[in-house]
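**Student:**
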Amino acid sequence: MKKSILEVKNLKKYFPVVGGVFSKPIAWVKAVDDVSFNIFEGETFSLVGESGSGKTTTGKTILKLIEPTAGQIIAEDIDITNYSASEMRPLRRDMQIIFQDPYGSLNPRLPVGEIIREPLVVHRVGNKKEQEERVVEAMQVVGLRPEYLRRYPHEFSGGQRQRVGIARAIVLNPKFIVADEPVSALDASIQSQVLNLLMDLQQKLSLTYLFVAHNLAVVRHVSDRIGVMYLGKLMEIADTMELFNNPLHPYTQALLSAIPIPDPEIKKERIILEGDIPSPINPPSGCVFRTRCIYAQDICAEKMPQLVDIGSGHFTACHFVKKGGKTEFTKKS
Amino acid sequence: MEKELLLEIKDLKTYFYTDDGIVKAVDGINLKLHKSEVLGLVGESGCGKSVASLSVLRLVDQPGKNAGGEILFKGEDLLKKSEEEMRKIRGSEIAMIFQEPMTALNPVYTIGNQVMEAILIHQDVNEEEAKKKTIEMLELVGIPDPEKRFNEYPHEMSGGMRQRAMIAMAMSCNPDLLISDEATTALDVTIQAQILELMKDLQKKIDTAILFITHDLALVAEMADTVAVAYMGKIVEYSSVKNIFKDPRHPYTYGLLKSIPSLISKKTKQPLPAIEGMIPSPYSMPKGCYFHPRCPFATDECRKNMPELKEIKPGHLIRCFHPIENDKGVSK
Chain A
1 MKKSILEVKN LKKYFPVVGG VFSKPIAWVK AVDDVSFNIF EGETFSLVGE
51 SGSGKTTTGK TILKLIEPTA GQIIAEDIDI TNYSASEMRP LRRDMQIIFQ
101 DPYGSLNPRL PVGEIIREPL VVHRVGNKKE QEERVVEAMQ VVGLRPEYLR
151 RYPHEFSGGQ RQRVGIARAI VLNPKFIVAD EPVSALDASI QSQVLNLLMD
201 LQQKLSLTYL FVAHNLAVVR HVSDRIGVMY LGKLMEIADT MELFNNPLHP
251 YTQALLSAIP IPDPEIKKER IILEGDIPSP INPPSGCVFR TRCIYAQDIC
301 AEKMPQLVDI GSGHFTACHF VKKGGKTEFT KKS
Chain B
1 MEKELLLEIK DLKTYFYTDD GIVKAVDGIN LKLHKSEVLG LVGESGCGKS
51 VASLSVLRLV DQPGKNAGGE ILFKGEDLLK KSEEEMRKIR GSEIAMIFQE
101 PMTALNPVYT IGNQVMEAIL IHQDVNEEEA KKKTIEMLEL VGIPDPEKRF
151 NEYPHEMSGG MRQRAMIAMA MSCNPDLLIS DEATTALDVT IQAQILELMK
201 DLQKKIDTAI LFITHDLALV AEMADTVAVA YMGKIVEYSS VKNIFKDPRH
251 PYTYGLLKSI PSLISKKTKQ PLPAIEGMIP SPYSMPKGCY FHPRCPFATD
301 ECRKNMPELK EIKPGHLIRC FHPIENDKGV SK
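Sequence lines, in order, name chains A and B.
Here this note's numbering is used: the first residue of the first sequence is 1, the next is one more, and so on.
Here this note's numbering is used: the first residue of the second sequence is 1, the next is one more, and so on.
#1: What does B/His215 touch in chain A if you count any residue whose Cβ is under 8 angstroms from its own?
#2: Which residue from B/Gly288, B/Ser55, B/Leu177 and B/Tyr254 puts its Cα closest to that of B/Pro323?
#3: Around the C-beta of A/Val309, are 16 or more other C-beta atoms found within 10 angstroms, so that it is buried, or is it exposed?
#4: Is there a C-beta anywhere in chain A that falls below 9 angstroms from the one on B/Pro286?
#5: Does B/Ala221 get closer than 9 angstroms to chain A when you measure Cβ to Cβ?
#6: Given a limit of 9 angstroms on CB to CB distance, which residues of the stretch 249-261 of chain B reach chain A?
#7: Just the C-alpha distance for B/Asp176 and A/Asp34, rounded to the nearest angstrom, thanks.
#8: Between the stretch 204-214 of chain B and the stretch 270-281 of chain B, are three or more C-beta pairs nearer than 8 angstroms?
#9: Looking only at its chain, what residues have a beta carbon closer than 8 angstroms to the beta carbon of B/Ser259, apart from the 5 residues adjacent to it on each side?
#10: By Cβ distance below 8 angstroms, which residues in the same chain neighbour B/Cys295 in space, the five residues on each side in sequence not counted?
#11: Out of B/Gly233, B/Pro286, B/Glu311 and B/Ile312, which has the shortest C-alpha to C-alpha gap to B/Tyr15?
#12: Please tell me whether A/Thr330 has its Cβ less than 9 angstroms away from any Cβ of chain B.
#13: Could you give the DSSP three-state label for A/Ala258: helix, strand or coil?
#14: So does the stretch 116-127 of chain A actually touch the stretch 158-174 of chain A, counting three or more Cβ pairs closer than 8 angstroms?
#15: Based on the DSSP secondary-structure assignment, which residues constitute the bridge partners of A/Gly227?
#16: Please confirm whether A/Arg151 and A/Gln96 have their CB atoms less than 9 angstroms apart.
#17: When the cut-off is 9 angstroms and only beta carbons count, does A/Asp79 lie next to chain E?
#18: Which residues in the same chain have their Cβ closer than 7 angstroms to the Cβ of A/Gly42, if we skip the five residues on either side of it in sequence?
#19: Let me make sure I understand the geometry here. Which of B/Lys32, B/Lys80, B/Val42 and B/Asp19 has the alpha-carbon closest to that of B/Ala221?
#20: So what does B/Glu237 bridge to, in DSSP terms?
#21: Work out the CA separation of B/Tyr238 and B/Lys49 for me, nearest whole Å.
#22: Just the C-alpha distance for A/Ile277 and A/Lys30, rounded to the nearest angstrom, thanks.
#23: Since A/Lys9 and A/Val32 should fall inside the 8 angstroms C-beta cutoff, what is the C-beta to C-beta distance between them, to a whole number of angstroms?
#24: Quick check on A/Gly159 - is its C-beta less than 9 angstroms from some C-beta in chain B?
#25: Measuring alpha carbon to alpha carbon, tell me which of A/Tyr295, A/Leu273, A/His123 and A/Glu274 ends up nearest A/Arg92.
#26: Check distances from the C-beta atoms of the stretch 187-209 of chain B to those of chain A and list, in chain order, the residues that come in under 8 angstroms.
#27: Taking 9 angstroms as the CB-CB cut-off, is B/Ala228 touching chain A?
#28: Does B/Ser331 come out as helix, strand or coil in the three-state DSSP assignment?
#29: Can you look up A/Ile266 in the DSSP assignment and give me helix, strand or coil?
#30: If we define contact as Cβ-Cβ less than 9 angstroms, is A/Ile310 a contact residue for chain B?
#31: Check A/Gln110 in the structure and name its three-state DSSP category.
#32: Between A/Ala254, A/Leu6 and A/Phe156, which lies nearest to B/Ala193 when the distance is taken from Cα to Cα?
#33: For the alpha helix (DSSP H) containing A/Asn196, name the first residue and the last one.
#34: If you count every other CB in all the chains shown that lies within 10 Å of the CB of B/Pro307, and 16 or more means buried, which is it?
#35: My output table needs one value for A/Leu172: the three-state DSSP class, helix, strand or coil.
#36: Output, in chain order, the set of chain A residues within a Cβ distance shorter than 8 angstroms of B/Tyr212.
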């Protein structure tokens with residue numbers, strides 16, 4: 001039986017849009033709107049989606065870097081939803097994050113050795129000598145030469161900086177890491193190096209990842225399970241191969257068909273979605289995807305479909321996907 | 001059948017003269033682009049692909065300067081044209097679309113006015129006709145409700161719509177050559193699919209040649225007829241798109257193709273074949289072949305001499321002493 005390391009129940013995060021003289025909220029951005037999923041120990045669970053889908057906000061809310069509006073976050077049987085910053089601190093040793101931008105996420109005034117040591121200082125782990133040993137060890141693990149300890153972030157390339165960010169995340173020996181678009185700022189040849197490092201570390205340190213990304217080829221390669229988000233909602237969750245071989249939600253189908261294939265001899269039938277992603281301030285009624293869905297019917301405007309298990313851990317939120325994965329799509333007239 | 005040659009870049013060099021030294025951003029590039037052909041120019045950051053395209057339009061800013069070569073467009077050297085002559089060519093015969101439509105569009109003018117400006121400058125029409133043509137163009141690129149959109153400002157549009165407006169502007173004068181520099185990089189994948197579809201469609205309708213610049217090999221596979229792979233200011237491989245993907249011969253091209261996570265392979269969660277190391281600093285380029293510090297096949301010859309770009313079979317050129325002998329292609 002797989003052990004759930006993290007459970008998210010009906011998570012919501014609304015951001016206020018303020019206006020007027022008194023800066024009162026005049027509207028809400030529903031960045032994450034009623035999202036539920038589990039992450040099992042030792043797996044890589046990925047959240048994919050386009051800009052504005054709420055995948056990054058979900059990742060940050062889970063770590064309580066952003067306070068949730070509603071819902072529950074349960075980390076190893078402890079409900080941390082309402083934990084204060086000081087209550088969170090001991091738990092943060094086990095929960096770390098790797099950021100997208102290797103330029104913005106490292107303090108330019110600190111040598112990388114200090115950047116990597118900082119978590120140890122914050123959590124008062126060991127004395128200075130022990131801390132320095134662990135920094136050297138972490139640098140070796142991520143493939144940075146320890147003699148670069150005293151160099152500053154600007155002396156490193158993008159790929160190396162991302163390694164610094166990874167070293168900082170693993171130096172406390174965490175169990176769970178949120179990797180928020182860890183390779184999207186990197187060149188293709190460097191991207192594969194960093195992906196290999198992340199997969200290697202997962203094996204060596206028995207890490208659990210929440211991987212947030214928009215590149216579907218990358219996600220397919222690293223994930224065990226994938227959740228597809230659209231406009232703050234989860235549309236589909238399935239094992240990686242199941243999702244790619246048998247996508248059931250019309251959005252997932254369109255998203256997967258939009259991936260460019262690095263082979264000029266494969267010409268695939270593409271589902272080209274009409275229009276743009278609606279604003280999360282005023283999302284469509286009912287199913288949020290209905291405005292772009294080729295199968296949308298009247299019911300889709302009235303009722304938001306629930307995310308239900310249609311069998312063996314494959315979840316979809318569509319009125320026309322039934323138990324066992326039977327679909328009853330009819331094209332919009 | 002050999003098509004008519006539209007653009008021929010011969011040994012083009014664009015150097016940046018900085019306080020820290022000379023950066024050879026484009027270091028002797030040779031390219032040929034025929035009429036109505038799509039040439040994909042791929043490479044990673046620093047390979048010179050964007051500078052090469054700006055060089056064609058003579059838009060390279062200080063401290064960058066042309067340091068030699070020829071850019072023959074319809075047989076005439078663009079480097080010898082006067083600024084006045086260049087201004088007539090830009091936007092009418094050669095148009096360009098950029099990566100970030102928000103910064104490429106002027107925020108204080110409406111979309112309609114910006115598209116119309118290009119038409120008014122380059123075509124002999126009055127304002128009324130230009131406006132009519134603008135609305136036609138906006139409609140052609142799939143902007144819904146073009147009469148209304150004509151009066152909207154760039155910030156009122158989504159990224160995809162802005163890129164459509166950019167394309168409308170670029171295509172409004174039926175250019176012979178369209179330069180697309182990472183035109184879909186900032187867009188979401190479903191919007192990217194829309195824009196690529198639109199570009200393919202217009203390319204057929206207007207019969208424009210496209211210099212398609214990207215870092216994404218998958219997009220090249222979708223769009224291009226021929227492909228040039230650049231590394232540190234030099235072309236390392238050039239061939240038909242089919243050849244590049246089926247039979248890559250340069251170790252860099254081969255490594256890049258291998259390192260892309262597959263969409264078919266069942267072997268996920270396995271180490272990807274990565275290219276080791278990283279690109280050299282442009283201020284201290286390695287001797288010999290620029291790729292040798294990262295190349296698994298490098299020998300002393302590679303460390304000493306820069307190989308020439310040579311034809312190894314008809315239409316397939318590579319810059320390498322030890323091409324990959326590989327008839328099976330890159331298995332995906």
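Even for Gly, the Cβ is constructed at its ideal location relative to N, Cα and C.
**Tutor:** In brief:
#1: Asp187 and Ala188
#2: B/Tyr254
#3: Rather than Val, the amino acid found at residue 309 of chain A in this sequence is Asp. When all chains shown are included, A/Asp309 counts as exposed.
#4: no
#5: yes
#6: Tyr252, Gly255, Leu256, Leu257, Lys258, Ser259, Ile260 and Pro261
#7: 51 angstroms
#8: no
#9: Leu272, Pro273, Ala274 and Ile275
#10: Pro251, Tyr252, Cys289 and Cys302
#11: B/Gly233
#12: no
#13: coil
#14: yes
#15: A/Leu47 and A/Ile237
#16: no
#17: The displayed structure is made up of protein chains A and B, and chain E is not among them.
#18: Ser206 and Thr208
#19: B/Val42
#20: B/Val229 and B/Ile318
#21: 14 angstroms
#22: 14 angstroms
#23: Between A/Val32 and A/Lys9 the Cβ distance is about 12 angstroms, and since that is not below 8 angstroms, they are no contact.
#24: yes
#25: A/His123
#26: Asp188, Val189, Thr190, Ile191, Gln192, Ala193, Gln194, Leu196 and Glu197
#27: no
#28: Any answer about B/Ser331 is weak, because its pLDDT of 41 lies below 50 and its placement is not dependable; what the coordinates show is given next. Coil at B/Ser331, not helix or strand.
#29: coil
#30: no
#31: Residue identity check: residue 110 of chain A is Leu in the sequence provided, not Gln. A/Leu110 falls in the coil class under three-state DSSP.
#32: A/Ala254
#33: Ala188 to Leu205
#34: buried
#35: coil
#36: Checking the displayed sequence, the identity of residue 212 of chain B turns out to be Phe instead of Tyr. In chain order: nothing, as chain A lies at least about 12 angstroms away.
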